[in-house]
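In the order they appear, the protein sequences are chains A and B.
Residue 129 in our numbering sits at position 133 of the first sequence, and the numbers go up by one each step.
Residue 445 in our numbering sits at position 348 of the second sequence, and the numbers go up by one each step.
Don't be surprised by glycine CBs; every beta carbon is placed ideally from N, CA and C.
Here's the structure we're looking at; comments come further down.
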Amino acid sequence: MSATQAVPTTGYAARVYDAYKVYGEGETEVRALDGVTVGFRTGSFTAVMGPSGSGKSTLVQCAAGLDHLTWGRAFIGDTEITTMDATELTELRRTRIGFVFQSFNLLPSIDAEANIRLPAKLAGVALDEDHLREVIDTLGIADRLGHRPAELSGGQRQRVAVARALSMRPELLIGDEPTGNLDARSSGEVLDHLRRAVDTWGQTVVIVTHDPVAAGRADDVVFLADGRIVDALQRPGTAAIVDRLKSLTR
Amino acid sequence: MWTLAANNIRASFGRFLATILAIATGVAFLTAGSMLTDAISRSLGGEVDVQFAAVDAAVVPATSEEGSGGFGSGGGGGVGASSLPDGTLDAVESTPGVAAAAAELVSVTSLLRDGERISSSSFGGDGIVLRAWVDDDALNPLEIVEGRAPRAPGEVAIDRTTALDEDLGVGATLRMSSAERGTSAEVVGVTAYGTIDRIDPNGTVSLTRDWAASLIGVDPGSTSRILIRADDGVDGGRLVAALRESVPGGTEVLTGAELREEEKSASAGFASILSPIVTGFGVLSLLVCAFVISNTFAVVIAQRRRELALLRAVAATPKQVRRALLLEGLLVGLAGSVAGLAVGIGLSFGFAAILEALDLGLPPARLTVDPVTLGIGLAVGTFVTVASVLLPAFRGGRTAPVAAMREAAVEGTQVPRVRTIASLVLLVGGAIAAGVGSQWWLLVPGVFALALGVLGIGPAAAVLAARAGSAAFRHLGVPRRLAAENLGRHPRRTSSTTNALIVGLFLVTVVTVSGTSVKTWAVEEINKLASADVTIVSLTEVPDDLIDQIGALDGVEEVAPLRSVPVSLDGQAAQVAAVDDPQRLARLGIRAAEGSFDRIGDGIAALVIGQQPAVLGQRVPVVLADGSTRELEVTVVLEGTIDAAFVGILASPETVGSLNSETPRVRTALVGTTDARASAIADTIEDLAAPFNVFVISGNFFGQIVGSVFDFLISSVNALLSISVIVALIGIVNTLSLSIFERRRELGLLRAVGMTRREVRRMVRTESVLMAVQGTVLGIGAGTYLSWALMKAADVGGFDVPWARVGLIAMVGIAAGLLASALPTWRVTRLEVVEAMAE
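As structure tokens, then:
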């Protein structure tokens, strides 16, 4: 399977319909997602925000095939992932979705380059070496490839993670608080790279964040509270985001 | 995959080290066991091949089945084999193609010093084997290494070990027990058997044939086996055929190869005991290892949970993760097995050295490193490791990718419901089946069910123990109460740890408790059987002189000498003794169970014929000295006492006279004593009998032997089993360490809010001890119950629980818990508060 970007006919890189995620039962029931329908447009940068417990992480996990919905349907591009099993989901994820997590992103026992090449290696797929070189150079980590994660700074680690996420030219790039553990400067750098991925390479990026500054770089911002979508803003400024967030937690 | 696996192993090396040690132990013992037994049997067999190489044929007494076997010196031709019919030797020597024939004559005597018997035996007992010297060098398995062979009466040659141990070189004088109160002899030579010092484990003294025959009290022509060498150019098979034509009835002709096989199987005796013990221990070690390996891997995988989740999220399918983990297991298994092989080889050399130092008369075990043995050790060790790793690897493969995103809840905080219910059913069902069933088809499944149930109920037990402990410790301080509660937090993990301990302690308890009960019962039963207080036996003759002396002793109530003649029964020597006073015999424990002595007629009375119980009406073919066969009917079956087993076959004086023309001689005498003085008198009789070629056996002799054999067995099995407990310790250390790692934030919090280092240590130590207690209680409880069930099924009367020993086992279990806590406790105190609370 070649790692070219497929443009879904529907124009959405990922979407969920009527999504519910319920834990426990009866009195101890928790509804992490309580009937959410949302789509992430191809070639857009979306930020998903909300107070803790709002279900933002859950939404993105289910949309990206990291977890199953209790009820509802989920799609990656044109492919329905609602009933896929663990192996099918993995195979789909590793070639079509890139992940950047908040803190634990890299396998500590192998070096940066090996980490970047890991999904391709396990999928048994050849990478587009030119694209990879471009990504690595753009991210500015070319000289750190032979180092283990322990030898890299927080910002460098995140950038290696971004490189890995982009290596397979995925349709979708998911970030779960990708700048959560970084200082302001590194944070800005990572966000720049994500923005560039959208603008230069036409990726779709979805990040979960509670940082209004990070969300301010996005094209769309979706707000969740108590497992439901309560608002969506387009190209909001940081101030508007802050206001909206404040109203959610009142 | 390979690099990942290799890197992971390097990263968790400390954890895996314990696993590798465990595997290495099991494989080492397996390997050492095989190597040693191979070496010993090969060496012994090798000696036979060399020393008996010249034998082209042999003539032995006829047997109705293959191999009349038996232990003892040098196999088929040794003590206990009966004489060949008269004329056999002449027949052999006159057969064409026979270059030389060696007529063996073997008996038992004792060496005396200052009137006391000296013992140079490796296995206890004070007899030394007496052999007639074989003149033909080629046929003689022994060779002279110092001095010369005996040529006249009064000259002897002794084996090198006896010569060294007893300081009896060429020119020394010694005394041997005999009918004339001891006989003196001069040592003219020292013998060896190939590369080892003795052919008989008890030592060998060689005499000229004529003198040997007169000391033993047989005709000079008497022989138990004839070894034959063919003329040059004569084919072995042809010779055997020719011999078969010429020898009298009641004999059998063996080829040289057959003779050598008989010799080898007789001397393999010791090695065949060693093998199962050491191998069995290797197997047991590996079994316990399996638990520990599984536990260690589960721990390692749990520690690497975030990494596995990340792998699952971005790159690896469940199958790929599983394969990677199995690969790690494979590599660890290989490493451990290779280490085990190396240690095993070292162990074999160590054992061999010990065996030589013990001077058991075994040849220097020529140890060779056999690729097959190595291959087996490697395969078994690796297989056990991979099998143990299967379950944790499967679980690891199913790690949810979501766990990569946040510090998700760690697995296994629930008591698995299905497993608990199933285990409870198995436990109760198994207990009932085992307890009620005396039939094996009920007992064996019951035992398995019980075992599975005990192991499966672990998680539930952990939670229960946690609640109980928490309540019990309420007033013993916060650390202890927390420790109890912690036990119930990860029930699966706690139980997999304690299971390893349970297995070890369970086995130790079963062996100890059952063993002791059986021993008590066996000794009691045997002591019930013995009725004559002292029995005197001799292969040659019990002198009248001695009998009179014993009869005159204070405290001896009566003496019954039994005069008998030798016959051959199924290739073995047997005595038929005359019954002249049934009443006296009855008082000394020889009574008729079926039939009666009054109506013995021309039949025989016996308890056993050969290895089987005697049956009334059974017709027994015996071969007489002239080679003819006579059928005797069993007209009396004796009551089952030990004395009855000693006396062999009884018949009327007339019948005895008709079997053999020589005068019947006293070969057995039964002595009855007044109860009070029994053992003191036995000692006196032994002193009196020392210079004579007789053996004195006290009534409770067997009881004592059986008792000590049991004690020895129980102790050695326990010693071996305790190593499995040590291996189980490793499991506890692992689990505790992981638990501390996972709880580091919590521990940091505890320290921050005021728990002192000492209190934290106390908490960890208490956890460890509690886990050990859980394991100990379940293991000992199940073991005791099983022992009771076994005893009940075997119907051996009293159930004797050695409480002191069981208490000791319990203490060992708890001590194990304390010991296991040492490393984790040390680790925990190194946690600084701030570090612990940071991510």
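Asked                                                                                                                                                                          : Found
What does the Cβ neighbour count give for F809/B, buried or exposed, with the cut at 16 atoms within 10 Å?                                                                     : exposed
Taking all protein chains shown into account, do 16 or more other C-beta atoms lie within 10 angstroms of the C-beta of I518/B, making it buried, or fewer, making it exposed? : exposed
According to DSSP, is L721/B part of a helix, a strand, or is it coil?                                                                                                         : coil
Helix, strand or coil: how does DSSP classify V662/B here?                                                                                                                     : strand
Kindly say whether P415/B, judged by its beta-carbon, lies nearer than 8 Å to any beta-carbon of chain A.                                                                      : yes
Here's a check: name, in chain order, each residue in its chain whose Cβ is nearer than 6 Å to the Cβ of L552/B, leaving out the five neighbours to either side.               : N596
Would you mind sorting H572/B into buried or exposed? The rule is 16 or more other CB atoms within 10 Å of its CB.                                                             : exposed
Any heavy atom of the ligand ADP closer than 7 Å to the Cβ of G46/A?                                                                                                           : The ligand ADP is not part of the structure shown, which contains no ligands of any sort.
Assuming S275/B and F789/B form a contact by the criterion Cβ under 8 Å, report the distance between their Cβ atoms to the nearest whole angstrom.                             : 7 Å
Going along the chain, which residues of its own chain have a beta-carbon closer than 6 Å to the beta-carbon of L356/B, five neighbours each way excluded?                     : V152 and A155
Looking at the C-beta of Q57/A, does it have a partner C-beta in chain B at a distance below 8 Å?                                                                              : yes
When you compare the CB positions of S821/B and S382/B, do they come within less than 8 Å of one another, or not?                                                              : yes
Report the residue from G212/A, L85/A, S48/A and G233/A whose alpha carbon sits nearest the alpha carbon of G184/A.                                                            : G212/A
I think R257/B touches V287/B, with their Cβ atoms under 8 Å apart; what is that distance to the nearest whole Å?                                                              : 5 Å
Are there 16 or more other CB atoms within 10 angstroms of the CB of E728/B, so buried, or fewer, so exposed?                                                                  : exposed
Name, please, each residue of chain A whose Cβ falls closer than 8 Å to the Cβ of P489/B.                                                                                      : Chain A residues near P489/B: none, gap ~18 Å exceeds 8 Å.
For R90/A, which residues in chain B fall below 7 Å Cβ to Cβ?                                                                                                                  : V411 and A412
Using beta-carbon positions only, say whether T732/B and G668/B come within less than 8 Å of one another.                                                                      : no
Where does V850/B land, buried or exposed, given buried means 16+ other C-beta within 10 angstroms?                                                                            : exposed
Could you pull the DSSP bridge partners for V26/A from this structure?                                                                                                         : Y19/A
Candidates D784/B, R402/B, G612/B and I325/B: which alpha carbon is nearest G493/B's?                                                                                          : R402/B
Please name the residue in I112/A, D188/A and G150/A whose C-alpha comes closest to that of L141/A.                                                                            : I112/A
If we ignore side chains and look at the alpha-carbon of each, how far apart do S(-2)/A and V121/A end up?                                                                     : Any reading at S(-2)/A must be qualified, since the residue scores a pLDDT of 35, below 50, and its modelled position is unreliable; the value itself is stated next. Each residue's Cα considered, the two are about 8 Å apart.
Would you say E167/A lies against chain B (beta-carbon separation less than 8 Å)?                                                                                              : no
Closest by CA to L141/B, which one among P298/B, L261/B, A125/B and A254/B?                                                                                                    : P298/B
Taking only runs of the alpha helix (DSSP H) that begin and end inside the segment 27 to 66 of chain A, which ones reach a length of at least 4 residues, in chain order?      : 52 to 59
Contact check, F97/A vs D172/A under 8 Å by CB: the rounded distance?                                                                                                          : 5 Å
Beta-carbon of L62/A versus every beta-carbon of chain B: anything under 8 Å?                                                                                                  : yes
I need the DSSP call for T288/B, collapsed to helix, strand or coil.                                                                                                           : strand
Quick one: residues in its chain with C-beta nearer than 7 Å to the C-beta of N831/B, no 5 flanking neighbours on either side, listed in chain order?                          : R112, A115, N392, T393 and V396
Could you tell me which whole alpha helix (DSSP H) segments of length 4 or greater appear in the segment 846 to 892 of chain B?                                                : 854 to 891
For Q672/B, which beta-bridge partners are listed by DSSP?                                                                                                                     : P663/B
Closer than 7 Å by C-beta to Q152/A: which residues in its own chain qualify, once you throw out the five before and the five after it? Chain order, please.                   : I137 and R140
Could you check how far apart the C-beta atoms of P104/A and A146/A are, in whole angstroms? I think they sit under 8 Å.                                                       : 6 Å
If you compare alpha carbons, which of E453/B, A436/B and L488/B is closest to T479/B?                                                                                         : A436/B
Taking C-beta pairs closer than 7 Å, name the residues in chain A that V397/B reaches, listed in chain order.                                                                  : In chain order: nothing, as chain A lies at least about 13 Å away.
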